[in-house]
Amino acid sequence: MVQKTRIDGWLFDVQEEPSGIGLWIIDSEGKTHKLHHPFNPYFYLAGKKSQIRAALHMLESWKVQVSITPEERREFYSNKAVSVLKVAIDSPLAYRKIVTALTKRTDPAVELFTCDIPPAQLYLIETGLFPLAYASFEIDDATRVVSQHSVHDSPWSLDYALPPLSLMEISMEGGSGNPAHRPQANLTIKVDGAEQTIEDDPLYCLRKLISRHDPNVILTHWGDSYLLPNLHRLAAAEETTLPFDREASHHVPKTRGRSYFTYGKIMVTASSYSFRGRWHIDLENSFTVRECGLEGLIELARLSKIPVQRMARTSTGTCISAMQVERAMNEGYLIPWRKSQVEDFKTADELLVTDKGGLTYRPIPGFYEHVAELDFASMYPTLMAKYNLSPETVNCICCPKASRVPEAGHRICVKRRGLVPKTVEPMIAKRQQYKEKIKAAETESQKEIYNRRQSALKWCLVTCFGYLGYRNARFGKIEAHEATTVWSREKLLQAKEVAESLGYNFLHGLTDCLWVQKGGTNKEDYLKLAGAIEEATEIPISFEGLYHWISFLPSRQNAKVGVPARFVGVFEDGKLKVRGLMARKHDTPRFVKKAQQSMLEILSHTWGRTDYKEILQGVVLPLVESYSEKLINGRLRPEDVAILRRLSHDPLGYKHGTMTAAVSQELIARGVRIMPGEAVQMVITDASAKDPSLRARSLGFLDLPHSYDREKYLEIFFDAIREIDLDGVLEKSLNSFI
Amino acid sequence: MGRTVFSFNQKILALESEWGKFRRALRKEDQELLDELFAYAKYHSAPASYFSTPNPMEPVFMSIALELLKEVKQLRKELAEKAP
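Each protein sequence line maps, in turn, to chains S and G. For what it's worth, numbering that gives the first Met the number 0 labels the leading residue of the first sequence as 0, then goes sequentially. For what it's worth, numbering that gives the first Met the number 0 labels the leading residue of the second sequence as 0, then goes sequentially.
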């Protein structure tokens with residue numbers, strides 16, 4: 000008689016294993032359990048019988064154990080039923096290799112579907128489990144194999160309990176910059192509120208600390224790109240293993256680093272090192288954690304069924320894409336593999352009309368009082384949901400007579416609700432519910448948790464629009480993307496018309512928000528205005544707030560031309576809103592950022608033009624003087640003047656002796672490997688030097704005595720001061736410094 | 000993302016460089032005026048983009064005319080206020 004046990008707990012992590020999926024469960028006492036669940040990942044084959052037979056022969060010749068079931072599924076774009084063969088493979092570990100080999104070798108007429116979803120994710124979709132789900136598992140006592148499970152949790156619940164997660168944080172001493180770009184230093188480890196420095200034998204110390212504290216989560220700074228590869232090298236040299244996995248294995252990084260091109264910029268992703276039975280999260284390699292903390296990461300992992308360690312390293316767009324896959328699979332659709340659709344043919348005139356993006360006005364630069372801002376909340380996702388905009392519904396084959404989208408003239412399916420609207424609708428609703436929870440929350444910490452979760456959802460919703468028109472997206476179609484922007488322009492113009500008809504002055508409009516002005520108005524008037532706009536546009540718009548003042552800044556090239564997103568303003572409650580100023584830019588030296596921020600903070604207490612100018616003269620000017628003095632006397636630290644620059648080329652491929660080129664070549668000479676897209680921190684030493692290599696130096700290797708280019712930094716500092724100056728109050732004094 | 004058409008802002012920049020020779024031969028004080036005219040066009044780039052006519056010079060001229068009329072009206076108003 001087999002002894003069965005029941006384990007209740009949270010699904011902490013999943014990992015692919017030779018004959019199924021390994022599950023890591025944490026129970027309510029914080030104890031970890033390792034279970035095994037048999038699972039055969041599968042894909043679908045469609046095509047002529049003879050071709051499919053050939054493909055199956057090929058699998059047989061590779062000695063792959065498969066089980067085959069004929070099934071009927073639906074093709075995603077045409078919505079037509081197709082007969083397919085479901086091919087299940089006995090080993091999740093071999094799945095990817097087999098699929099890749101099959102796609103390369105078989106007749107191109109054989110189509111593979113649902114074939115590029117990672118087996119662990121496929122497992123979660125099949126079982127209804129999800130990361131951090133609370134569930135019970137019935138297991139065989141001897142083998143720890145799961146025979147039954149039930150989930151007592153939903154990814155859509157708003158208040159979910161989480162297991163106790165113990166943390167450990169590892170970084171390298173000597174600042175927050177990339178450790179690869181500075182001399183090697185000691186490791187610093189934070190655990191249980193204590194911080195310690197490891198001076199020698201890091202592997203031994205790490206092993207001791209990890210076995211003593213057994214943390215569930217290891218947070219690192221630059222773990223993926225620097226710490227882990229170096230620790231691996233050290234372990235190999237000492238012929239030992241690293242102590243991070245909760246289960247012995249000889250595993251190597253899953254993915255390798257690469258440079259890639261996106262939105263006209265070259266970027267780099269580090270390789271990723273994930274652990275078994277423990278999470279490794281590199282705080283410098285996770286957009287989601289940086290923006291929305293662990294709470295946001297967990298929220299997205301639960302919704303998307305992407306295991307936490309992978310979710311941490313992927314974009315929020317992948318999250319939406321995974322949710323679409325799950326929904327489509329549950330509705331019986333075949334998941335298209337590589338994107339075979341191309342854009343429909345368009346005449347030159349049609350192209351002119353459709354591909355324009357959102358409406359972006361240019362405000363008249365200047366300082367304005369009593370301005371209100373109104374925002375369409377989650378405008379693009381809302382439009383997708385309202386107008387059924389989805390790759391399979393825009394210009395579908397089933398509704399040739401459907402009504403057309405304005406401007407572009409695309410048709411929208413009237414028979415089928417699209418996959419994208421069905422996916423975003425519940426997310427918009429969930430985000431709204433979190434926002435209401437924030438308002439009702441009693442403690443600050445509770446508020447913060449809800450806020451991080453709603454912000455993670457916001458990022459997902461933002462990226463889902465980009466994915467709608469992205470060539471490599473699984474569920475994307477440029478016409479659906481265009482239809483969304485057409486509606487967005489329509490809505491913004493309607494809002495403008497309503498505001499103007501009620502006597503408001505339209506100052507500025509930016510895709511989904513507008514700034515209007517009218518003397519003698521109060522909050523009530525704007526709530527009424529929002530109501531009138533909502534009635535006309537049929538989508539929600541919120542009153543963001545009334546500004547005491549807002550200053551739209553001119554373009555750097557031309558003082559008479561405004562720029563869409565460069566402004567600073569103060570709401571009635573004293574909250575600052577800053578866009579496109581130097582304080583917000585990542586390549587501004589820290590001291591300039593801090594100085595501008597502190598000055599804006601002071602100016603946020605002003606009510607309008609008159610006292611703004613008084614404060615500039617009386618409070619800000621002395622500050623400018625003291626900052627300048629400090630700068631001129633050389634009293635700023637290298638970290639304060641360091642500038643972050645991203646490499647746009649191969650470091651040796653620069654044609655001109657720019658400062659970035661000089662610094663990256665300096666790093667190479669010091670034996671640092673850098674890739675295009677990576678960021679380097681530099682200090683400008685002599686911007687006008689004839690020899691380019693003297694113009695700037697890498698921050699990490701800057702040796703004493705250093706000297707920064709005072710004239711150049713003064714110039715940068717004054718640029719920041721000019722952004723907040725009004726009517727030239729500070730300008731005269733700036734000139735006296737030079 | 001699938002942007003196959005230049006934004007109107009990019010079009011104005013292209014037009015400006017197209018007019019580069021014209022500008023170069025102008026006297027310095029006139030060069031500044033020409034820059035101001037193009038700034039008028041940039042100010043109306045949102046309506047011009049929404050309109051999307053095949054010849055971008057048309058909305059550029061129309062924007063200039065608009066802004067000049069605006070200034071004439073403003074001056075007229077100021078004159079009328081000053082008149083006894």
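Yeah, the Cβ is synthetic: ideal placement off N, Cα and C, and Gly gets one too.
Against chain G, the beta carbon of S/Thr-359 has neighbours under 7 Å at Ala-45, listed in chain order.
The Cβ atoms of S/Ser-603 and S/Phe-366 do not sit closer than 8 Å to each other. For S/Arg-430, no Cβ of chain G is located within less than 8 Å of the residue's own Cβ. For S/Lys-85, the enclosing beta strand (DSSP E) stretches over residues 80-88. With fewer than 16 other CB atoms across the displayed protein chains lying within 10 angstroms of its CB, G/Pro-83 is exposed.
Identification of residues in the region 39-72 of chain G having a C-beta nearer than 9 Å to some C-beta of chain S yields Tyr-39, Lys-41, Tyr-42, His-43, Ser-44, Ala-45, Pro-46, Ser-48, Tyr-49, Ser-51, Thr-52 and Pro-53, given in sequence order. Short of 7 Å from the beta carbon of S/Met-322, and not among the five residues preceding or following it, lie these beta carbons of its own chain, in chain order: Leu-302, Ser-303 and Thr-422. The contact set of G/Ser-6 on chain S, defined by CB atoms closer than 8 Å, consists of Lys-355 and Gly-356 in chain order. Look at S/Met-167 here: in three-state DSSP terms it is strand. Within the DSSP secondary-structure output, S/His-279 pairs in a beta bridge with S/Ile-217.
Of the candidates S/Thr-187, S/Ser-270, S/Ile-217 and S/Glu-406, S/Ser-270 places its Cα closest to the Cα of S/Ser-224. If you ignore the 5 residues before and after S/Ser-663, its C-beta comes within less than 7 Å of the C-beta of Leu-646, Pro-650, Ile-673 and Val-679, all in its own chain and listed in chain order. The beta-carbon of G/Glu-15 is placed no less than 8 Å from the nearest beta-carbon of chain S.
In this structure, the beta-carbon distance from G/Met-56 to G/Leu-14 falls below 8 Å. DSSP, reduced to helix, strand and coil, places G/Leu-78 within a helical segment of the structure shown. Chain S has a Cβ within less than 8 Å of the Cβ of G/Asp-34. For S/Phe-42, the closest alpha carbon among the candidates S/Leu-111, S/His-231 and S/Glu-481 is that of S/Leu-111. About 13 Å separates the beta carbon of S/Val-515 from that of S/Leu-509, a gap too long to meet the 8 Å contact definition.
Proximity of S/Gly-276 to chain G, defined by a Cβ-Cβ separation below 8 Å, is not satisfied.
Counting along the chain, S/His-604 sits inside no alpha helix (DSSP H), nor does DSSP assign it H or E at all. Within 8 Å of the CB of S/Gly-508, the CB atoms of chain G belong to Ala-45, in sequence order along the chain. Between the alpha carbons of S/Leu-729 and S/Asp-158 lies a distance of about 52 Å. Ranking S/Gly-519, S/Ile-334, S/Val-618 and S/Met-167 by CA distance to the CA of S/Asn-78 puts S/Ile-334 first. Each residue's CA atom was taken as its position, placing S/Lys-593 and S/Leu-241 some 41 Å apart.
S/Gln-516 has S/Val-370 and S/Asn-504 as its beta-bridge partners, per DSSP. DSSP places S/Thr-313 outside both helix and strand once states are collapsed to three, so it counts as coil. Annotated three-state conformation of S/Gln-120 is helix, per DSSP. Distance from the CA of S/Cys-114 to the CA of S/Leu-92, rounded to the nearest whole angstrom, comes to 14 Å. Within 10 angstroms of the beta-carbon of S/Arg-694 lie 16 or more other beta-carbons, which makes it buried. Burial of S/Tyr-379 is indicated by the presence of at least 16 other C-beta atoms within 10 angstroms of its C-beta. In chain order, Ile-11, Val-59 and Ser-62 place their CB closer than 6 Å to the CB of G/Ala-40, counting only its own chain and leaving out the 5 sequence neighbours on each side.
Taking 4 residues as the shortest admissible run, the region 167-215 of chain S contains the following complete alpha helix (DSSP H) segments, listed from N- to C-terminal end: 201-212.
Residues of the same chain with a CB within less than 6 Å of the CB of S/Tyr-503, apart from the 5 flanking positions on each side, are Val-515 and Lys-517 in chain order.
Within 10 angstroms of the beta-carbon of S/Gln-195 lie fewer than 16 other beta-carbons, which makes it exposed.
Measuring C-alpha to C-alpha distances from S/Leu-643 to each of S/Gly-652, S/Ile-683, S/Ser-627 and S/Trp-606 identifies S/Ile-683 as the nearest. Under the 8 Å criterion on CB atoms, S/Val-560 is classed as interfacial with respect to chain G.
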